[in-house]
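Have a look at the structure below, then the notes.
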Amino acid sequence: MPNTAFSVERFVFLPVGVFVARLKGPNRFDVSAANARKLCDRFAEGGLNALISDYCDCTLGHQPHEYRQIADVFAAGMPKGMAFAYVYQPEQAAHIMVMTRILNAAGLKVRGFNDPLEAETWIFAQLGADRSAASAPRALDPPQAEG
Numbered sequence: 032m033p034n035t036a037f038s039v040e041r042f043v044f045l046p047v048g049v050f051v052a053r054l055k056g057p058n059r060f061d062v063s064a065a066n067a068r069k070l071c072d073r074f075a076e077g078g079l080n081a082l083i084s085d086y087c088d089c090t091l092g093h094q095p096h097e098y099r100q101i102a103d104v105f106a107a108g109m110p111k112g113m114a115f116a117y118v119y120q121p122e123q124a125a126h127i128m129v130m131t132r133i134l135n136a137a138g139l140k141v142r143g144f145n146d147p148l149e150a151e152t153w154i155f156a157q158l159g160a161d162r163s164a165a166s167a168p169r170a171l172d173p174p175q176a177e178g
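This is the structure in structure tokens:
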């Protein structure tokens, strides 16, 4: 029987401070909103400079009007000018288009990618760093079941 639980794997590239969240399984709006607030709190603590949210193994259970609510959490809680990359499946393009439009308008630097390495390369370039010179990201904790 396939695993239908939602979980998040969390990694960080040091010393540049790139936080990577790999979402897996079905993601509900309430869980997504709570995780957005947690991410904003984590960035407010310092030491993190950019974010990659990887939705490739995630099924979004959000309605279009809920995308804006999640974007508003990030727009209010993330540092202006911060680089933020989404990695997504083609069927998630509408979600990513809404999020990138709102977050770019709010002063973040946001792009969507279909390839995780392209997202990492872009994020590192935004920080003036070279992805090819970086080591593998460090796992922050074991995968966390959410919701």
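Each residue of the sequence shown is one higher than the one before, starting from 32 at the first, in the working numbering. Backbone N, C-alpha and C fix where the C-beta goes; we use that ideal spot for every residue, glycine too.
Assign residue i to buried or exposed, taking buried as 16 or more other Cβ atoms, counted over all protein chains shown, within 10 Å of its Cβ.
{"i": "T131", "result": "buried"}
{"i": "E122", "result": "exposed"}
{"i": "E76", "result": "exposed"}
{"i": "G143", "result": "buried"}
{"i": "H126", "result": "buried"}
{"i": "A156", "result": "exposed"}
{"i": "V51", "result": "buried"}
So for residue i, helix, strand or coil by DSSP?
{"i": "M32", "result": "Low per-residue confidence applies at M32: pLDDT is 39, beneath 50, and the placement is therefore not dependable, though the value from the model is reported in the following sentence. In the structure shown, M32 sits in coil (DSSP, three-state: anything other than H, G, I, E or B)."}
{"i": "P57", "result": "strand"}
{"i": "P168", "result": "coil"}
{"i": "V62", "result": "helix"}
{"i": "A160", "result": "coil"}
State yes or no: is the C-beta of residue i within less than 9 Å of the C-beta of residue j?
{"i": "I154", "j": "A124", "result": "no"}
{"i": "K55", "j": "D103", "result": "no"}
{"i": "F74", "j": "P110", "result": "yes"}
{"i": "L79", "j": "G108", "result": "no"}
Under DSSP, the beta strand (DSSP E) around residue i begins and ends at which residues?
{"i": "Q105", "result": "For the sequence presented, residue 105 should be read as Phe rather than Gln. Unbroken run through F105 is the alpha helix (DSSP H), P95 to G108; no beta strand (DSSP E)."}
{"i": "F42", "result": "S38 to F44"}
{"i": "A114", "result": "A114 to V118"}
{"i": "S84", "result": "A81 to G92"}
{"i": "K140", "result": "K140 to F144"}
Residue range of the alpha helix (DSSP H) that residue i falls in?
{"i": "V129", "result": "A124 to A136"}
{"i": "A150", "result": "P147 to Q157"}
Is it a yes or a no for the region 82 to 100 touching the region 142 to 154, going by three-plus beta-carbon pairs under 8 Å? Taking a cut-off of 8 Å for Cβ pairs, the region 82 to 100 and the region 142 to 154 touch, as three or more such pairs fall below it.
Q.
Between the region 52 to 66 and the region 132 to 142, can you find at least three pairs of beta-carbon atoms closer than 8 Å?
A. No, they do not touch.
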